[in-house]
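Residue numbers (the working numbering): 2 to 408. Ideal Cβ placement from N, Cα and C applies to all residues, glycine included. See structure below.
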Amino acid sequence: MAQRKQVTMAELKVGALVTAALVLLAALILQQSWGIAWFSESEKVLAYLPDVGGLKPGNPIWLAGIEIGKVRQVSIMSPELYPGNARVFKQISEIKKEIEGLDRNNPNYGKLLADKTDKIRDLKLELRLVEVQMDIKKQYINRISIDSEVAIASRGLIGDSFLEVSPGTAGIPPKRQGEFYVIEAVRTTGFREILTGANDVIANFGVLSEQFRSIAGKIDPDRIGSDMAGTLDDMRTALHEASTTFSETTRLVRELRDGQGSVGRMVADPSLYNRLNETLDKMTSLTDRMQSGSGTLPKLLNDPQIFDNTNSALKKADLAMDRIEKGDGTLGRLSKDPALYDSGRRAMEKFAGFVDQIDKGEGTLGRLVKDPALYNNLNQSSAEIAKFIYDLRQDPKKYLTIRFRLF
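Take a look at the structure:
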């Protein structure tokens with residue numbers, strides 16, 4: 002009986018030891034997998050992301066390359082629960098109204114519809130649908146402020162995802178939502194975008210490879226040989242032309258050196274240099290005279306009295322313009338006094354009435370201009386005068402007879 006009791010106690014001890022080991026193993030697994038900190042204090046932090054890229058509970062949280070906590074929970078939520086999504090929904094609604102208002106008869110309707118559809122698609126990618134709860138060690142929580150950003154990163158091409166939090170600079174703690182600190186800013190550019198860009202580059206290389214393969218398939222070796230022969234002939238011709246050009250250039254340089262031709266004389270004849278030197282000397286002398294103040298032009302440039310007189314004349318002209326502007330003097334009254342304008346207007350009206358009377362044939366001048374009787378009388382008088390002059394020339398005695406009578 003005593004022996005059986007000892008066996009039972011041994012079994013109990015072994016069972017208790019195994020149970021404790023299993024509990025310890027479970028605690029270690031939870032700590033490593035789920036990020037549960039058993040013996041350290043932590044703060045709960047919340048972030049809303051549009052995409053987590055395979056982030057799971059237990060993934061690390063880094064700040065400046067240092068692990069500061071673990072991801073507690075990742076869950077999908079309704080987009081209406083995050084207040085920041087209201088702005089995105091409003092923009093999507095406005096674009097949909099613009100789509101409804103598009104004119105289907107517009108020749109650019111298809112392009113406009115595609116552009117606005119792409120905008121809606123891009124805005125939908127900005128909706129924050131995932132809620133991420135984090136446990137961050139208490140000693141690092143003061144490194145996070147209201148302007149901190151959270152981003153999804155990855156350890157290499159096939160590594161696990163993790164959260165990266167940027168240090169804040171504002172010095173203001175993040176907003177609180179119940180027991181959680183909330184990091185609102187999100188940096189979306191991450192390793193996935195880099196991979197997407199790399200995929201685009203690889204796809205472009207694939208397209209280029211296909212194009213090179215197509216070009217290589219179109220190449221005819223026999224034609225290449227004939228083309229090479231033609232290319233050699235072209236190179237031979239080009240070398241011959243280059244040799245001819247070099248010879249002509251050598252001859253031209255020799256003629257220039259010997260002073261042949263117009264350009265050669267300009268290069269080799271020293272008279273051009275001498276004349277140019279004399280011209281420069283004269284210009285130097287003229288400049289010296291201008292600086293010394295001798296002559297009319299230097300006085301105009303250097304004499305301050307001319308400047309003073311000009312300045313005084315401009316001031317007087319400015320004063321005269323001010324007086325005219327104010328209406329002082331004869332010119333001022335002519336430019337400002339409306340009496341001159343009224344008198345001129347009345348005179349023009351009277352002149353217009355006078356011309357109108359003449360045009361109507363009224364008055365002496367009007368009758369002279371309009372009545373044809375004056376023209377007829379003048380025409381008849383001219384004819385009578387011409388006839389009288391003719392008769393006078395034919396028989397002067399008829400009109401110039403002088404009679405003397407004596408008493």
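Exercise for review: Quick one: grab the DSSP three-state call for residue 9.
Suggested key: Along the sequence shown, one-based indexing puts residue 9 at 8. Note: residue 9 maps to helix in three-state DSSP.
Exercise for review: Have a look at 94, 53, 390, 283 and flag the residue whose alpha-carbon is nearest the alpha-carbon of residue 152.
Suggested key: In the sequence shown, the residue the question calls residue 152 occupies position 151. The shortest C-alpha separation from residue 152 is found at 53.
Practice item. Output the boundary residues of the alpha helix (DSSP H) element that contains residue 368. Key: Against the sequence shown, residue 368 aligns to sequence position 367. It spans 364 to 371 - the alpha helix (DSSP H) in which residue 368 sits, taken as one unbroken run.
Exercise for review: Leaving aside the five residues before and after residue 139 along the sequence, list all residues of the same chain whose C-beta is less than 7 angstroms from its C-beta, in chain order.
Suggested key: Counting from 1 along the sequence shown, the entry for residue 139 is found at position 138. So the qualifying residues of the chain are 42, 43, 44.
Check your understanding: Grouping DSSP H, G and I as helix and E and B as strand, with all else coil, what is residue 1?
Key -> Nothing can be reported for residue 1, as the shown portion of the chain is limited to 2 through 408.
Check your understanding: When you compare each of 116, 371, 13 to residue 103 by their alpha carbons, which one comes out closest?
Key -> Working through the sequence shown from its first residue, we reach residue 103 at position 102. When the alpha-carbon of residue 103 is set against those of 116, 371, 13, the nearest one is in 116.
Check your understanding: Looking only at DSSP bridge pairs, what is residue 61 linked to?
Key -> As a working note, residue 61 is residue 60 in the sequence shown. Note: residue 61 sits in a beta bridge opposite 71.
Check your understanding: For residue 141 versus residue 69, is the C-beta spacing smaller than 9 angstroms?
Key -> Walking along the sequence shown from the start, residue 141 turns up at place 140. Walking along the sequence shown from the start, residue 69 turns up at place 68. For residue 141 and residue 69, yes; Cβs fall inside 9 angstroms.
Exercise for review: Check residue 254 in the structure and name its three-state DSSP category.
Suggested key: Taking the sequence shown and counting its residues from 1, one reaches residue 254 at position 253. In this structure, residue 254 counts as helix in the three-state DSSP scheme.
Point to revise | Beta-carbon contacts of residue 433 that lie in its chain and below 6 angstroms, excluding the five residues immediately before and after | key: No answer is possible for residue 433: the residues shown for the chain start at 2 and end at 408.
Review point. Under the DSSP definition of a beta bridge, which residues are partnered with residue 97?
Key: The sequence position of residue 97 within the sequence shown is 96, counting from 1. Per DSSP, none; premise fails for residue 97.
Point to revise | Reduced DSSP secondary structure (H/G/I, E/B, other) of residue 177 | key: As a first step, residue 177 is located in the sequence shown; it is residue number 176 there, counting from the start. Strand at residue 177.
Point to revise | Boundaries of the alpha helix (DSSP H) in which residue 167 is found, first to last residue | key: If you number the sequence shown from 1, residue 167 lands on position 166. First-last for residue 167: undefined, no H or E at that position.
Point to revise | Extent of the continuous alpha helix (DSSP H) run through residue 147 | key: For this step, residue 147 is matched to residue 146 along the sequence shown. Going by DSSP, residue 147 is part of no alpha helix (DSSP H) at all; its letter is neither H nor E.
Exercise for review: On a CA-only basis, which of 309, 17, 242, 122 is nearest residue 90? Give me that one, please.
Suggested key: For this step, residue 90 is matched to residue 89 along the sequence shown. Of the listed residues, the one whose Cα sits closest to residue 90 is 122.
Review point. Would you report the Cα separation of residue 75 and residue 93, rounded to the nearest angstrom?
Key: As a first step, residue 75 must be located in the sequence shown, where it is residue number 74. As a first step, residue 93 must be located in the sequence shown, where it is residue number 92. So the two alpha carbons sit approximately 27 angstroms from each other.
Exercise for review: Let me know the secondary structure DSSP gives residue 103 once reduced to three states.
Suggested key: Within the sequence shown, residue 103 is the residue found at index 102, counting from 1. Here DSSP, grouped into helix, strand and coil, assigns residue 103 to coil.
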